[in-house]
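Take a look at the structure below.
There are 2 protein chains.
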Amino acid sequence: MEVSIAVSKVRKYATSNSGDTVEVIERPNGGLSVVMADGQSSGHGAKWISTLVVRRVITLLADGVRDGAAARAASDALYTERKGKVSSTLNILSVDKQTNTLVITRNNPVPALLAVDEVIQVIDEPSRPVGLYRDTRPSITEVSLVPGLTVLIYSDGLVHAGERTGQSMDILACLRVLLDSEEPSARLIADSMLETAWKLDEGRPVDDITVVALRVTSVIGDSVRRMAVRLPLDS
Amino acid sequence: MEVSIAVSKVRKYATSNSGDTVEVIERPNGGLSVVMADGQSSGHGAKWISTLVVRRVITLLADGVRDGAAARAASDALYTERKGKVSSTLNILSVDKQTNTLVITRNNPVPALLAVDEVIQVIDEPSRPVGLYRDTRPSITEVSLVPGLTVLIYSDGLVHAGERTGQSMDILACLRVLLDSEEPSARLIADSMLETAWKLDEGRPVDDITVVALRVTSVIGDSVRRMAVRLPLDS
Chain A
-11 MEVSIAVSKV RKYATSNSGD TVEVIERPNG GLSVVMADGQ SSGHGAKWIS
39 TLVVRRVITL LADGVRDGAA ARAASDALYT ERKGKVSSTL NILSVDKQTN
89 TLVITRNNPV PALLAVDEVI QVIDEPSRPV GLYRDTRPSI TEVSLVPGLT
139 VLIYSDGLVH AGERTGQSMD ILACLRVLLD SEEPSARLIA DSMLETAWKL
189 DEGRPVDDIT VVALRVTSVI GDSVRRMAVR LPLDS
Chain B
-11 MEVSIAVSKV RKYATSNSGD TVEVIERPNG GLSVVMADGQ SSGHGAKWIS
39 TLVVRRVITL LADGVRDGAA ARAASDALYT ERKGKVSSTL NILSVDKQTN
89 TLVITRNNPV PALLAVDEVI QVIDEPSRPV GLYRDTRPSI TEVSLVPGLT
139 VLIYSDGLVH AGERTGQSMD ILACLRVLLD SEEPSARLIA DSMLETAWKL
189 DEGRPVDDIT VVALRVTSVI GDSVRRMAVR LPLDS
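Structure, rendered in structure tokens:
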């Protein structure tokens, strides 16, 4: 069994800094976690907030703190630091080798999609961002790690793609089409989603967009763990 | 201009935990850093040490601390915590968008390779691991970010590949062959290196092996930032 994760991320048009932050870290008891945050507003201020939230969460996860407790702590920390005036969404997607589960933690009104083979479940129970209230709890979904799982989490920039031109993005339909194709890779799913949004926004995204796709497959490849990063440099 | 980074990592044969830790994080003023540590001995204890060192460094880098100061702080922290009895190698490879440079920080007797186009420089000035002495300073190499740069950093498992069977790995020669081919990707470089080592070790690595390859190219692709992780699960 193998887990592959792909992250694709683009900035709002004509801004120098994405307000979205994503980091992937190793879990101390095996497995890994993807932590994604989207800070309120855009540009430098938003980046500062999302970075604060992600850093807080990864520090706690690295100490072995459970995802839900880490999300609550990040919320309390932001609430304390900014007196409840600033919010950030937060998603944690973990492959936990200790419990052999996949854990989706959401402090985000934007849904997450979870598919087992081609059957897609929309995870949309009410959830609010961190930082605005004391004792904000995340919505947590935990499933066994089995081949055929697909998870898609994304920032609201994906949801709002096309709105400037009166169009809209049907993320569920896009994922359905992708899953109907032959074994789509996490990379294909993330890139296709972003490309669809990019076209709807006519190449000028109205917001920062981040897409994270995770796939669990029964592939028995080599035992090599791989990571890759591609960073375009403006110059 | 575009930077691509590939990490390939494999465990010592018949161990459940790699003593090597690698994390990639975003730098607060733009760009990113790869932090790699190899803890003394192997298995669980080594993992604990390398994780401690990497976490300490990424927390400092995220606060905007310079790479050299972060490495010294990690050394002092490990020295204090383990009374100078435990060591870890440490490499930091940073793409710093603020200074537009590539910074290679080494606390590792194992060299790093830096190539400009096909001309390879071996960075091997004496350097010792962190944790054994007070005030251990890293060796730092800083070059301008220009297309055609290649950097290879690796743990000593790559250097010692083949020793069990009386063979040896010529890393410099391998890189030369790869750079002579048409525009090798960071992924190709990292995977080829690991594969060569794997064969020399006859599929049973005598030590944890981590290879990090970085390439700067003049490619003008899309403005999408991408990250990918592939994690084999034993089951």
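Chains as they are written, first to last, in our numbering: chain A, -11 to 223; chain B, -11 to 223. All C-beta atoms, glycine included, are put in the ideal place defined by N, C-alpha and C. Computed from a prediction, not measured in an experiment: that's the story for all the values here.
N-terminal and C-terminal residue of the beta strand (DSSP E) that residue i is part of
i, result
"K0 (chain B)", "K0 (chain B) -> no beta strand (DSSP E), and no H or E assigned at all."
"A149 (chain A)", "A149 (chain A) -> no beta strand (DSSP E), and no H or E assigned at all."
"V53 (chain A)", "Premise fails: V53 (chain A) is in no beta strand (DSSP E) and is neither H nor E."
"V139 (chain B)", "137 to 142"
"D26 (chain A)", "19 to 27"
Residues near residue i by beta carbon distance below 8 angstroms, same chain, minus five either side
i, result
"R(-1) (chain A)", "N5, S6, P193, D196"
"E151 (chain B)", "V194"
"S223 (chain A)", "Residue confidence is low: S223 (chain A) scores 47 on pLDDT, short of 50, so the model does not pin down where it sits. Its coordinate-derived value is still stated next. Around S223 (chain A): no qualifying Cβ."
"L48 (chain A)", "A57, A58, A61, A62"
"I111 (chain B)", "I92, R94, P99, A100, L101, L102, S127, T129"
Local conformation of residue i per DSSP, three classes
i, result
"D8 (chain A)", "strand"
"R214 (chain B)", "strand"
"S(-8) (chain B)", "strand"
"S38 (chain A)", "helix"
"V45 (chain B)", "helix"
"S223 (chain B)", "The predicted model places S223 (chain B) with a pLDDT of 47, which falls under 50 and marks its position as unreliable, so this point remains unresolved."
Same chain, Cβ closer than 6 angstroms to residue i, neighbours up to 5 away in sequence not counted
i, result
"K243 (chain B)", "There is simply no residue 243 (chain B) to check, as chain B begins at -11 and stops at 223 in what is shown."
"N88 (chain B)", "L133"
"L221 (chain A)", "none"
"I177 (chain A)", "L166, A201"
"S75 (chain A)", "Q28, P117, G119, L120"
"V45 (chain B)", "V23, A58, A62"
"E106 (chain B)", "L167"
"A65 (chain A)", "R44"
Sequence-distant residues of the same chain with beta carbon closer than 7 angstroms to residue i, five excluded per side
i, result
"G31 (chain A)", "T3, N5, G7"
"T39 (chain A)", "T9"
"G154 (chain B)", "none"
"R226 (chain B)", "With chain B covering -11 to 223 only, the question about residue 226 (chain B) has no answer from this structure."
"N96 (chain A)", "T77, L78, N79, S115, P117"
"E(-10) (chain B)", "T205, V207, G209"
"V212 (chain B)", "none"
"E11 (chain A)", "V23, V42, I46"
"P16 (chain A)", "A50, G52"
Interface residues of chain D facing residue i [CB-CB closer than 9 angstroms]
i, result
"M181 (chain A)", "Absent from the structure: chain D. Protein chains present are A and B."
Looking at C-beta atoms only, is the number of pairs between the segment 112 to 132 of chain A and the segment 149 to 163 of chain A that lie closer than 8 angstroms three or more? no
Extract the residue ranges of the alpha helix (DSSP H) inside the segment 144 to 212 of chain A, only unbroken runs of 4 or more that lie entirely within it. 144 to 147, 159 to 168, 174 to 188
Mind listing, in chain order, the continuous beta strand (DSSP E) runs of no fewer than 3 residues lying wholly within the segment 55 to 126 of chain A? 76 to 84, 89 to 95, 100 to 104, 107 to 111
Any chance the segment 168 to 186 of chain B sits against the segment 135 to 151 of chain B, with 3 or more Cβ pairs inside 8 angstroms? yes
Under 8 angstroms: do the segment 10 to 27 of chain A and the segment 75 to 91 of chain A share three or more Cβ pairs, one atom per stretch? yes
contact_flag[the segment 51 to 62 of chain A, the segment 91 to 107 of chain A] where n(CB pairs < 8 angstroms) is 3 or more: yes
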